[in-house]
Each structure stands twice: as C-alpha cells, then as structure tokens.
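For reference, the structure is listed below as structure tokens.
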Amino acid sequence: MSDDYGYDYEDDSPYGTETEYGAGDAHVPDGDYGADGAGASRDGGRGPERTFAALPPAQGRGFATSWWGRAWLQALEDTALDGQQLKQGRQLARKGGVGAVSVRPGRITAMVRDRDGTAHRSDVLLQQLGAGAWDRFLDMAVDRAGHIAALLDREMPPHLVEDAAGAGVELLPGIGDLEPECTCGAWDHCPHTGALCYQVARLLDEDPFVLLLMRGRDERRLLDELQVRSAARAIRPGDGGAAEATDDAEREVRGVPAGEAFGVAGILPPLPAPPSAPDTPGLGPSLDTETPPAPGIDPAALEVLAADSAVRAHRMLLDALAPGHEEQPFPVELTPRQDAVRLAADARPDARVGARLASGSGRTPADLDAAVRAWRYGGVPALAVLDEEWAPDPEDLGRARVRLDEAWEAGERPALRASGRARWTMAGADLQLRLDRDGRWWPYRKERGRWVPAGPADDDPAGALAGAEEGGAADGTSGTGTAI
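Just remember that the numbering used here sits 767 ahead of the position in the sequence shown, which is counted from 1.
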C-alpha cells in the first residue's frame, strides 16, 4: 500500500503495526550501558518494530500537546545547531512531507520528501536502556499501581518519569541524545531529520509506548514483565524465619488472614459491583412555580447554580473513576472572578443572569463574552493571557523574537509589530499573537473594536496565526475593526 506521497507501508492503521525481527532487544547484559559505558546498541539491531502510516498535514495545530511530546521537541531544539534547518523541517512536516514512520529499538526511520519532490531516507538514533536500567524501571513501576495504570492508559505522568530518574533511568531524551542520519549528507540535524522528529512528537502524544520502544522495550514485552513481577511480589515467600523472631506488635497487620477469608467465602454474599457513572449530568430542579419567591431570591439564578452543581458533580465522578486518579494532583482552586467565567461557559445562562455574572466579576457583558471564549479555548491559562499583560525578561523576549523569525520561510513572514510587552499585531489584518509565560502563542482577532481570543495555543507562532486566519475567514470577521 502507498500513501499520498508515494511511500510504501504495510498497514494504514494510525496506531501502527508490530513485527518481530528477532529474539528481543539488542542490549549489553552487563550493567546499564555495557561494561565500557557505551550503552546498548543504537543501530536498532534486531528487535520489534512498529510502522505508522503517514500522518495528514498539521496545518494550524501544534506538533505536541502532551508534556512528554514537548519534552521530545525540546531535546531536538536544544541539540540542533542550526535553527534554520529545524524551521525548514517544521515546514516539511506541517505540509505532510513525512512518509510512513518505522520505530524500533534505538532508531526511527522515514522517507522525507523535499518541496521539489526529492526523497531522502532519514534516521534518528536514540540510546537504548541496558538490562540493569530496565530491571530498575520495572521494579520501580510495580511498587506503585498508579504507574502501571498510567501506562495502560497510554500516559506518562511527570511522577513516573521523576521516579524513573530517581532510580537512575532517564526515559526522556536530553541534549545530544537524538543523533541524526540522512542520505542528504548533512552531519547535523537537517530539515529531513527535523521533520521526522516533529512528526514523531505527534505519535508520542497518542502513545508513550513509542518512546519506550525506542528505548528498547515493546509494549507487549513490557506489560508481560510488569505482570510477572507484580505476581511474584504478591506471593513472595518469607525471609527464612526472620519474621518469627519479631514480637507480636511487629507482626500485627491490617486486614483479614487469607485462610479466614477463604473459609467464609461460601457464607458471605459477594460484594456488589461498583455503580457506573451516568452518561450525562442530572437535570436541575425547575423553580418556575406559582408560589412567588422570597424577597431577594432569584429563581433563575438558583436554577443556573443547581445545573452547574450537577455538571461539576458529574465531572468529578468521571475523574474519580478514571485509572490513576489517586496519583493526580489536586485541581487549582479558582478565584471568584475566574469561577464566574467558568460558570458562564458551562451553564450558558440567559442574558439577565449573564449580566449578573459579569457585574459580580467586575466585567462588562462584552468582556464576559470574550472571557468565556478564552476559557473554552484553554481554561485558566487562556484567561490569564486575556486579562494580564506580562513583561518578559530580555532573555525570554529574545527567544520569542527568534521564534517569530524562524516560524516562516524567507519572504513569507507577515509584517508584525510589537503592540505591548508580549504582543505582536499583524499589519493590516487585525490579527494578533500573544505570548504566555510558558512560551506558547495565542491568536487574537479584533472584532467590533476589541481584541478577542481566536483559537487555542500553539507552540508554533505560524500555526497559531494560521488558525486565527482560517477561523476569521470562516465566520467573516477577519480583517474587520480598527487597526491598532
């Protein structure tokens, strides 16, 4: 089968296929990185392989939305010596120039096509983990059920990576870890290997097992080993009589002895199955009755609050039933001003109740509409970009200007002028880019004389601006209003 660029691949499944190429990973059995410290083989050697069909063009979106996908791109950008090469690589990946991607231990491979149609085989090598490192990772993972649950949910939460690093196992690549090889002959990262890495970031967003495969373990083998170790730990025998030497207080444990539980198994009824979460939140009460309300009571506002309570309770229940919930941090408590925006976004109140929310949060109705739009694009971070104008330090400002220079090909960059300390306006188009404190770009569009959010954040300023332009063309608002 061939994709739209003429590359051959075996399966068009977006999750890739897996093929065994030998008995297992190529690794050095003595120590974590071999007796000489050189590490396991980086050439991919023999081992499992997954092939992912060519992804569609990524116009108007970032290449990585997960934190581990962004960490992968950070390693690429910190390693490459020529930012111009990476910029061209982003353009190739964004326009769909990367063919099917093959992932195997120590290596990723794809055919990347230039704008003129010339195809190059590009490879990126990543150090595999040795047997000792994998042993420590597996022991660490079985110690905490949340780690296994996260992996099964195809997530790589920060605490898993931090615990692995504490055990001496670096899962994510760092500076210099991504080594390029390309038939174009470049010795550093070229546009082709850069495009491949940007495309792999999209794969990592969907499945962190792609990274673990590059490090030397395929999903099936890793989960099998976790299951074996978990079972062995559950039935681990005693320590040769040392427990008998402890006193009674030290031998006290919580729970019911297994023999006692087994003996009453036929007497006690089985535990009921846990209830499943409802598909939708419950309906709030209707307070539209013939009885007049007490003085100072607004029935319509109470209905909005009751409906919002049902929505929040349903959301909390779904979160509580999700795997790994116990490992997640507590949500940040909203300020009253932020919560008013959230309530307006979730409950969609009528104009009168909306006006009360606007007044109570210190906004005009038009300001609340803009805040609701920001909330739906990105929650608290998007709201901060709307409400606050922060002053980047000279180093952050310099990096932002470099990103703006590199986001477009020579001669294609629109005319942008600074309109604030972290804002740039496109001349003649009523479009604006705003930089947040995390280095992400938020598009804004001028509508009826005010700047309003025009899309979600993007790591690439060109992608953010393209999304705003497409949105404005669709709703007929692009290019309206008064220029700054």
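Don't be surprised by glycine CBs; every beta carbon is placed ideally from N, CA and C.
In this text the structure is predicted, and so the values were computed from the model without any measurement.
{"query": "Rounded Cβ spacing between residue 1229 and residue 1212 (contact assumed at less than 8 Å)", "result": "Not really, about 16 Å apart at Cβ, beyond 8 Å."}
{"query": "DSSP three-state assignment for residue 964, whether helix, strand or coil", "result": "helix"}
{"query": "DSSP state of residue 815 mapped onto helix, strand, coil", "result": "coil"}
{"query": "Element boundaries [alpha helix (DSSP H), containing residue 1157]", "result": "Counting along the chain, residue 1157 falls outside any alpha helix (DSSP H), and DSSP gives it neither H nor E."}
{"query": "Opening and closing residue of the alpha helix (DSSP H) in which residue 1085 lies", "result": "1066–1088"}
{"query": "Whole-Å CB distance - residue 1147 paired with residue 1105, under 8 Å assumed", "result": "6 Å"}
{"query": "8 Å Cβ cutoff met for residue 863 and residue 815", "result": "no"}
{"query": "Contiguous beta strand (DSSP E) assignments of at least 3 residues, all confined to the stretch 833–918", "result": "865–871, 874–880 and 886–892"}
{"query": "Cβ shell of residue 921 (< 8 Å), same chain only, five flanking positions each side left out", "result": "973, 974, 975 and 976"}
{"query": "Other residues of its chain near residue 1159: CB distance less than 6 Å, five sequence neighbours each side excluded", "result": "1189"}
{"query": "Nearest-angstrom Cα separation, counted from residue 903 out to residue 829", "result": "34 Å"}
{"query": "Anticipated Cβ contact below 8 Å, residue 890 with residue 948, distance rounded", "result": "4 Å"}
{"query": "Own chain residues within Cβ distance below 6 Å of residue 1010, not counting five before or after", "result": "Reliability of the predicted coordinates at residue 1010 is poor, the pLDDT of 41 falling under 50, and the value obtained from them is presented with this limitation in mind. Correct list: empty, nothing qualifies."}
{"query": "Presumed contact (8 Å Cβ cut-off) between residue 945 and residue 964, rounded CB distance", "result": "7 Å"}
{"query": "Pairwise C-alpha distance: residue 1049 and residue 1123", "result": "25 Å"}
{"query": "Reference residue 856, options 1173, 1000 and 1201, closest by Cα", "result": "1173"}
{"query": "C-beta atoms of residue 1205 and residue 1152 nearer than 8 Å", "result": "no"}
{"query": "DSSP state of residue 1235 mapped onto helix, strand, coil", "result": "helix"}
{"query": "Cβ pair count under 8 Å reaching 3, the stretch 1069–1084 against the stretch 1107–1120", "result": "yes"}
{"query": "Stretch-stretch touch, CB-based, cutoff 8 Å, three pairs: the stretch 873–892 with the stretch 928–939", "result": "no"}
{"query": "Spatial distance of residue 1208 from residue 1040 (CA atoms)", "result": "47 Å"}
{"query": "Three-way DSSP call (helix, strand, coil) for residue 948 in this model", "result": "strand"}
{"query": "Identified DSSP bridge partners for residue 1225", "result": "1208"}
{"query": "Per DSSP, the bridge partner or partners of residue 1214", "result": "1217"}
{"query": "Supposed contact pair residue 1108 and residue 962 - C-beta distance, whole angstroms, cut 8 Å", "result": "Not really, about 39 Å apart at Cβ, beyond 8 Å."}
{"query": "Length at least 3, wholly inside the stretch 1121–1197: the beta strand (DSSP E) runs in chain order", "result": "1183–1185 and 1190–1193"}
{"query": "Residue 1111 to residue 992 span [Cα, whole Å]", "result": "49 Å"}
{"query": "Secondary structure of residue 1201, DSSP reduced to three states", "result": "strand"}
{"query": "At least three beta-carbon pairs within less than 8 Å, the stretch 1132–1151 to the stretch 1170–1185", "result": "no"}
{"query": "Assigned exposure category for residue 924 - 16 Cβ within 10 Å defines buried", "result": "buried"}
{"query": "Enclosing alpha helix (DSSP H) for residue 976 [first to last residue]", "result": "976–982"}
{"query": "Assigned secondary structure, residue 1113 (DSSP; H/G/I helix, E/B strand, else coil)", "result": "helix"}
{"query": "Alpha carbon of residue 1225 to alpha carbon of residue 1057, nearest angstrom", "result": "52 Å"}
{"query": "Proximity winner among 1113, 1215, 1103 and 900, relative to residue 1130 (alpha-carbon distances)", "result": "1103"}
{"query": "Neighbourhood of residue 905 by C-beta distance below 7 Å, restricted to the same chain and skipping five residues each side", "result": "992, 993 and 996"}
{"query": "Delimiting residues of the alpha helix (DSSP H) encompassing residue 931", "result": "925–933"}
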